[in-house]
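These notes are about the structure you will find just below.
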Amino acid sequence: MSNKTQKEENKRRGCGCLGCLGIIILIVVLLASCFNGDKNTTKKETETTVTKQENKATTQPSSEKENKAMETKTKDEKKTYSVSDLQTAFPVNMPFNDYINKNKEMNVDHPVDISLGKGNVGKVLQATDGLVVVCVDGVKVFDVKTFATMDEVKQFEKDSIAKTKTTSATAPDTKQNNTNVHYKSCDEARKAGAAPIKAGEPGYAKHLDRDGDGIACDKK
Numbered sequence: 325m326s327n328k329t330q331k332e333e334n335k336r337r338g339c340g341c342l343g344c345l346g347i348i349i350l351i352v353v354l355l356a357s358c359f360n361g362d363k364n365t366t367k368k369e370t371e372t373t374v375t376k377q378e379n380k381a382t383t384q385p386s387s388e389k390e391n392k393a394m395e396t397k398t399k400d401e402k403k404t405y406s407v408s409d410l411q412t413a414f415p416v417n418m419p420f421n422d423y424i425n426k427n428k429e430m431n432v433d434h435p436v437d438i439s440l441g442k443g444n445v446g447k448v449l450q451a452t453d454g455l456v457v458v459c460v461d462g463v464k465v466f467d468v469k470t471f472a473t474m475d476e477v478k479q480f481e482k483d484s485i486a487k488t489k490t491t492s493a494t495a496p497d498t499k500q501n502n503t504n505v506h507y508k509s510c511d512e513a514r515k516a517g518a519a520p521i522k523a524g525e526p527g528y529a530k531h532l533d534r535d536g537d538g539i540a541c542d543k544k
């Protein structure tokens, strides 16, 4: 074989090796691309899953808060009744505890309480066609009043307190008058129908209680 032929043969072999090397490099590049593609896809899927979980975690508490808020709102919403409905529900002589339970059950709009004097209270209930004042003394419902406006209710409160003060002011006078009763003798006390008279009662006096037993004019 001549030198020329040998060189051509070597050249062909060199080209063949380069071609094989190029193919190998191409395969490596393709494999690397596939690996990176799978890695990126997995990363994106992981990020998407994490994002969904975060959104779910954020949305769930929000939904729970909304549900609780709705329940509270529903509970706080007052129901509406007519004056007639309330008069029927809270009659005179109704025990106070029954009134409390019934009012709680009906969830009536109750804007304010008013004083009626002597520790008595007027429970003001809002009706669709007026106002109902349930008067309670801690034992029972002793009266039920109806009014058209809140101004009328306030006037009723003033009148009730004034009436109580007037009664309280006259009571000591009556007591004082009773203590001023004086009998000169037991005969006079008997004629007045007061005998016998116990100590502390109107008309009692030591000169009428001769035996000092605390009862005057008990013996003839």
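The sequence shown stops at residue 544 when you use the working numbering, and every number in between is there. Note that the Cβ used here is the ideal one computed from N, Cα and C, for glycine as well.
Does the distance from the C-beta atom of residue i to that of residue j stay below 8 Å?
i, j, result
"V457", "V477", "yes"
"Q411", "V468", "yes"
"P520", "A540", "yes"
How is the alpha helix (DSSP H) around residue i delimited, first residue to last?
i, result
"V432", "Premise fails: V432 is in no alpha helix (DSSP H) and is neither H nor E."
"R514", "C510 to K515"
"A413", "V407 to A413"
Assuming residue i is part of the beta strand (DSSP E), what are its boundary residues?
i, result
"A467", "Note that residue 467 is Asp in the sequence shown here, rather than Ala. V465 to F471 is the span of the beta strand (DSSP E), which, as asked, contains D467."
"L455", "G454 to V460"
"G447", "Going by the sequence as given, residue 447 is Lys instead of Gly. Element bounds for K447: N444 to A451."
Whole angstroms are fine: how far does the CA of residue j sit from the CA of residue i?
i, j, result
"G524", "G517", "17 Å"
"L440", "F480", "8 Å"
"S408", "L449", "12 Å"
"P419", "V505", "42 Å"
"I349", "E388", "59 Å"
"I424", "T490", "31 Å"
"K403", "S484", "29 Å"
"Y432", "T452", "Note on identity: in this sequence residue 432 is Val, with Tyr being the wrong assignment. Their backbone Cα atoms lie some 11 Å apart in a straight line."
"N417", "M474", "25 Å"
Give a yes or no on whether the minimum CB-CB distance between residue i and chain D is below 8 Å.
i, result
"D467", "Reference to chain D is not applicable here, since this structure consists of a single protein chain."
Comparing alpha-carbon positions, which option in the options lies nearest residue i?
i, options, result
"K447", "H434, K403 and D453", "H434"
"Y405", "E512, L455, K442 and D483", "L455"
"K428", "G443, S509, N417 and E401", "E401"
"T488", "T473, F471 and K442", "K442"
Sorted by chain position, which residues of the same chain lie with C-beta nearer than 7 Å to residue i's C-beta, five sequence neighbours on each side aside?
i, result
"A413", "K426 and M430"
"I351", "none"
Short of 6 Å in beta carbon distance, which residues of its chain neighbour residue i, apart from the five on each side in sequence? Order them along the chain.
i, result
"V460", "F420 and V445"
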